[in-house]
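Take any residue in the sequence shown, count from 1 to its spot, add 76: that is its number in our numbering.
Even for Gly, the Cβ is constructed at its ideal location relative to N, Cα and C.
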Amino acid sequence: MVTADLRPIALGHGAYTAIVAVKGKLLADAFVHRADDALLVVVPAEQRDALLAHFERFIVMEDVLLDATPERVLTVQGPRAVELTEGWPGRSIADRLGLGGVDVMVGGSGSEVLANAGDLLVPGDVIYGPYPLLATGG
Numbered sequence: 077m078v079t080a081d082l083r084p085i086a087l088g089h090g091a092y093t094a095i096v097a098v099k100g101k102l103l104a105d106a107f108v109h110r111a112d113d114a115l116l117v118v119v120p121a122e123q124r125d126a127l128l129a130h131f132e133r134f135i136v137m138e139d140v141l142l143d144a145t146p147e148r149v150l151t152v153q154g155p156r157a158v159e160l161t162e163g164w165p166g167r168s169i170a171d172r173l174g175l176g177g178v179d180v181m182v183g184g185s186g187s188e189v190l191a192n193a194g195d196l197l198v199p200g201d202v203i204y205g206p207y208p209l210l211a212t213g214g
């Protein structure tokens, strides 16, 4: 169960909700995004498996597929977030602070380290490539 009505979320938008047990115990905070034919539920990685099991218990005779994906979320918040991320793939409007914002779904299955020369690394890490930076309108 969730605390928000998710039906009015428009394609490419997201909304905050809490995931709760039947008796109302808080299980997790989540941001839910509407994609083409799916809802993407963003939860802390360490809670993902327990929440999948929780949702599975309530799917009876429904045409629903639950799937854990490797994507991670990059959130960009602030008055110019929507403008600066225009055209980014995987972007969904997600105003987490009331100032404007987006969440961007990014691949999370690799372990490549992106860093620039001089960046501090964890001992043993090897730079796979440069970390891309985008700065516009300073």
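Would residue i and residue j qualify as a contact pair, given that the criterion is a beta-carbon distance under 8 Å?
i, j, result
"residue 108", "residue 91", "yes"
"residue 178", "residue 169", "yes"
"residue 123", "residue 104", "yes"
"residue 98", "residue 106", "no"
"residue 166", "residue 152", "no"
"residue 142", "residue 115", "no"
"residue 127", "residue 119", "yes"
State the CB to CB distance for the pair residue i and residue j, rounded to an integer number of angstroms; the pair is presumed to be in contact (CB under 8 Å).
i, j, result
"residue 176", "residue 158", "6 Å"
"residue 189", "residue 171", "About 31 Å separates the two Cβ atoms, so there is no contact after all."
"residue 96", "residue 87", "Actually they are not in contact, since the Cβ atoms of residue 96 and residue 87 sit about 26 Å apart, beyond 8 Å."
Look up residue i in the DSSP assignment and say whether it is helix, strand or coil.
i, result
"residue 110", "strand"
"residue 81", "coil"
"residue 196", "coil"
"residue 213", "Unreliable positioning characterises residue 213 in this predicted model, as indicated by a pLDDT of 48, which lies under 50. The coordinate reading is nonetheless provided below. Residue 213: coil per DSSP, three-state reduction."
"residue 116", "strand"
"residue 94", "strand"
"residue 127", "helix"
"residue 121", "helix"
"residue 105", "strand"
Length at least 4, wholly inside the stretch 134-186: the alpha helix (DSSP H) runs in chain order: Within the stretch 134-186, the runs of alpha helix (DSSP H) at least 4 residues long that lie entirely inside it are, in chain order, 157-160.
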